[in-house]
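Here my numbering = 1-based position in the sequence shown + 71. Ideal Cβ placement from N, Cα and C applies to all residues, glycine included. Remember, predicted model here, so these are calculated numbers, not experimental data.
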Amino acid sequence: MERSNAMLSQDEHFATNATHVGAEPEQWSCRSVVPHIVLSTTFKQSGPGEHLGFEYGRSGNPTRDGLEKCLASLEGAEHSMVFSSGLAATTTVLTMFKTGDHIIATDDLYGGTNR
């Protein structure tokens, strides 16, 4: 018996989104259903100053874009951000504060952050 989307439980929606959001086969030239793990640090451009989506791995890559879409969907958010290192995440958070602001954080931050 087929159920409508309205009848799916919260867990079933979560599992479906965790599996499919950010992993659309149409984004890959080979139509792979399982998303690629892109390890490239640099991406070919058609010419100087002609940005084609990705330039350097630190600023983004297809794998991270897919993960960000998936996490945003799972959290019911418009966007999410993932980082290639703990220091990059910490630096991004710190840029949102002004001198004199306070940050409440756990003791086990990225190593060296609280020193």
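query: For my contact list, Val-109 and Pro-133 are in at a C-beta cut-off of 8 Å; report their separation, rounded to the angstrom.; result: 5 Å
query: Under three-state DSSP, which class holds Ala-113?; result: This sequence places Thr at residue 113; Ala is not what is there. Strand at Thr-113.
query: Nearest CA to the CA of Asp-179: which residue from Phe-168, Gly-157, Leu-165 and Ser-103?; result: Gly-157
query: Going by C-alpha distance, which of Ala-159, Glu-97, Thr-112 and Thr-87 is nearest Pro-106?; result: Glu-97
query: Exposed or buried, Ser-144, counting other C-beta atoms within 10 Å across all chains shown (16 or more means buried)?; result: buried
query: Using a Cβ-Cβ cutoff of less than 6 Å, which residues in the same chain neighbour Val-92 once the five nearest sequence positions on both sides are dropped?; result: Lys-140, Cys-141 and Ser-144
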